[in-house]
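Throughout the sequence shown, residue numbering follows my numbering, covering 16 to 113 in sequence.
Glycine included, every Cβ here is placed at the ideal spot set by N, Cα and C.
None of these values were measured; they are calculated from a predicted model.
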Amino acid sequence: MKIIVYCKYFNFKNPLDKPKLETFLVNVSQIPKIGETIVVERISLQKQFVIIFEYIVTAVQFNASKESIDSADAQVNAFLNHCWEGTSNFKVTNFLEQ
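What follows is the structure, given as structure tokens:
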């Protein structure tokens with residue numbers, strides 16, 4: 016299943032800045048429920064680090080109609096709960112993002 020994740024987050028270095036909205040598409044085995052955690056692994060090519068993001072789901076909206084095969088099954092609002100870095104050979108499994 017595909018979900019679109021909308022995440023509003025604040026600049027940690029300057030919390031008075033206007034919040035930013037990040038949107039990304041992930042493949043998941045099932046649509047998450049409110050309160051569940053989505054963990055996303057991304058590779059920073061500049062730093063050669065694996066960056067791990069932990070999002071908490073705050074709202075779920077199911078799509079009533081599917082316009083195309085590639086459209087998402089649901090939209091999820093989430094907030095960034097935690098992120099950390101590892102080296103490029105840092106092995107992690109069971110991430111929801113492909």
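In the DSSP assignment, the residues bridged to Gln90 are Ile19, Gln76. Boundaries cannot be given for Val43, as no beta strand (DSSP E) includes it and DSSP labels it neither H nor E. For a cut-off of 8 Å, the C-beta gap from Val72 to Val91 is around 5 Å, short enough to register as a contact. Taking a 10 Å sphere around the C-beta of Ile18, we find 16 or more other C-beta atoms and assign the residue as buried.
Out of Glu100, Ala93, His97, Trp99, the CA that lies nearest to the CA of Glu51 is found in Ala93. Distance between Phe77 and Leu31, taken at the CA atoms: about 33 Å. Only residues of its own chain outside the window of five on either side were considered, and among them Lys23 have a CB closer than 6 Å to the CB of Leu36, listed in chain order.
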